[in-house]
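Accompanying notes for the structure given below.
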Amino acid sequence: MSKIKIKSLEEIKRIKKACAIVAFALRETAKEIKPGVSTEYLDKFAERLIRKAGAFPVFIGYRGYKHATCISINQEIVHGIPGKRLLSSGDIVGLDVGAKIDGYCGDTAATFPVGKINKKAQKLLAAGKKALVSAIDKACLGNHLGDISAAVLKCASDHGFSVVRDLYGHGIGSDLHEDPLIPNFGNPKEGPALKPGMVLAIEPMLNVGGSKIKTLDDGWTVVTNDHSLSCHFEHTVLITEREAEILTKNG
Ligand code: MF3
Ligand code: CO
Ligand code: CO
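Residues in the sequence shown are numbered consecutively from 80, following this note's numbering.
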C-alpha cells in the first residue's frame, strides 16, 4: 500500500527552498555544457553551487553513490556517473541534480544538446520536454496518478518514441524517494487521487528505440538495451487546489 504524505506549509517552504537551489544549479551548470567539457567538471560545478547555497548534494551517499549529479549521455538514460569523459558535438546530455536543505529535498533534471545535434535527437528532446509539460498539466485536483502517467505515454507514442517502464518518478520530501512511484505509462483515472500538499517528482524517460533497459557493470549507469538515444526531464511539483506549482522552474 502506498502512503502518500500531505506536506505541511512548513515542509512545503523547505521543499521550495531545496527546489529553488537545484533549479538554479541545473540552469547554471547547463550553461557550461559544450564540446570538450568533462562530465566530472559539470558535476563539480553543480556541487559547488549547491554547497554555496547552503544545501547538501543529496545524491552523495544515496545507496553509496559518490557524486552530486547524474550525467547521462546519448543511450544512457539515467544515473550516469560523472568522470573523465568529454562531451562531443552531437551528444545529448542528461543532467540530474538533487539537494537537501533544512531536512527537505528537491530533484530536477533535463537533457541538453551538445553543439549541433541531428534531427532525430532534436525531435526526441522536444518530445521529452512536451511529455513533462503535459504530465504536469494533468497533475491537478480531481485527477489521479494514472492521469500523469498516461499523459507521458501518450505524448511519447504520439511522437513515435517509447517510454522506460522499469524506472519511475516518485514522491519527494524529507526523503529523496517517497511514495508513490510514478510510472511513465498508465491509464487515466487509475491510481490514487491527487490531493493538495502532495509533492511529486515527475520524470519522463523517452527512448528512440525500445523500452528495454540494462544497467552497466559500474552498477549505476542505466542504458537502452538497443543502444538507441534516450532523454530524461524531471520537475518537482506541488499539487494545489488549482494547477500544479512547478517548484523547480527557472531557478
Ligand atoms: N535523481 C534521481 C531521481 O530522479 C535519483 C538519483 S540517485 C543517485 O530519482 F544516487 F543516483 F544519485
Ligand atoms: Co532526479
Ligand atoms: Co527523481
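Using N, Cα and C, we set each Cβ at its ideal position, and we do this for glycine too.
Sequence-distant residues of the same chain with beta carbon closer than 7 angstroms to residue i, five excluded per side
| i | result |
| --- | --- |
| Ala125 | Ala104, Thr108, Ala147, Thr148 and Val176 |
| Ala280 | Asp186, Gly248, His249, Ile251, Glu313 and Thr315 |
Residue i burial status per 10 Å Cβ neighbour count (16 or more: buried)
| i | result |
| --- | --- |
| Lys217 | buried |
| Thr190 | buried |
| Gly252 | buried |
| Lys179 | buried |
| Ile85 | exposed |
| Leu211 | buried |
Distance between residue j and residue i (C-alpha atoms, nearest Å)
| i | j | result |
| --- | --- | --- |
| Phe138 | Arg244 | 22 angstroms |
| Gly185 | Leu88 | 16 angstroms |
| Lys82 | Val278 | 13 angstroms |
| Ala99 | Arg106 | 11 angstroms |
| Leu308 | Leu203 | 8 angstroms |
| Ala102 | Gly276 | 20 angstroms |
| His238 | Ser213 | 13 angstroms |
| Asp122 | Leu326 | 22 angstroms |
beta-carbon residue i near ligand 1 non-hydrogen atom, thresh 7 angstroms
| i | result |
| --- | --- |
| Cys149 | yes |
| Asp175 | yes |
| Ala280 | yes |
| Phe138 | yes |
Given residue i as reference, the closest of the options once Cα atoms are compared
| i | options | result |
| --- | --- | --- |
| Tyr247 | Gly239, Gln154, His256 and Leu128 | His256 |
| Ile292 | Asp305, Ala230, Gly298 and Cys219 | Asp305 |
| Asn197 | Leu295, Asn153 and Ile227 | Asn153 |
| Pro262 | Lys274, Pro275, Met284 and Met277 | Met284 |
| Ala272 | Phe135, Cys234 and Ser228 | Ser228 |
Close Cβ partners of residue i (< 6 angstroms) along its chain, the five nearest in sequence each way excluded
| i | result |
| --- | --- |
| Glu324 | Leu317 |
| Thr294 | Val301 |
| Glu322 | Cys219 |
Sequence-distant residues of its chain with Cβ nearer than 8 angstroms to residue i (five each side left out)
| i | result |
| --- | --- |
| Leu232 | Val242, Asn263, Phe264 and Gly265 |
| Lys274 | Ile83, Ile85, Leu220 and Ile318 |
Residue i beta carbon near ligand 3 (any heavy atom closer than 7 angstroms)
| i | result |
| --- | --- |
| Asp186 | yes |
Any non-hydrogen atom of ligand 2 within 7 angstroms of residue i CB
| i | result |
| --- | --- |
| Glu313 | yes |
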